[in-house]
């Protein structure tokens, strides 16, 4: 009987480890990756005639014509 109890305990720990791993993956997938781009004006990814400001994290709606 002791071996059945140990087996159930091991199974419970394994299930908890899998569930914890799934939770970590889901939480991390919801985060936006950190940008390595320095803040500044860059060629607009959607219109090569413009510059678009990148604040170091996201593209802003601010644009200006390329010189």
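In the numbering used here, the protein residues as written are 3 to 69.
Using N, Cα and C, we set each Cβ at its ideal position, and we do this for glycine too.
Per-residue DSSP class, three states only, for residue i
i: residue 38; result: coil
N- and C-terminal bounds of the beta strand (DSSP E) containing residue i
i: residue 62; result: 61 to 67
i: residue 54; result: 52 to 56
According to DSSP, residues forming a beta bridge with residue i
i: residue 47; result: The partner list for residue 47 (beta bridge, DSSP) is empty, contrary to what the question assumes.
Nonlocal neighbours in the same chain, by C-beta distance under 6 Å from residue i, ignoring five residues either side
i: residue 66; result: 53
Extent of the continuous alpha helix (DSSP H) to which residue i belongs
i: residue 23; result: 4 to 31
Beta-carbon contacts of residue i that lie in its chain and below 7 Å, excluding the five residues immediately before and after
i: residue 39; result: 56 and 58
i: residue 61; result: 54
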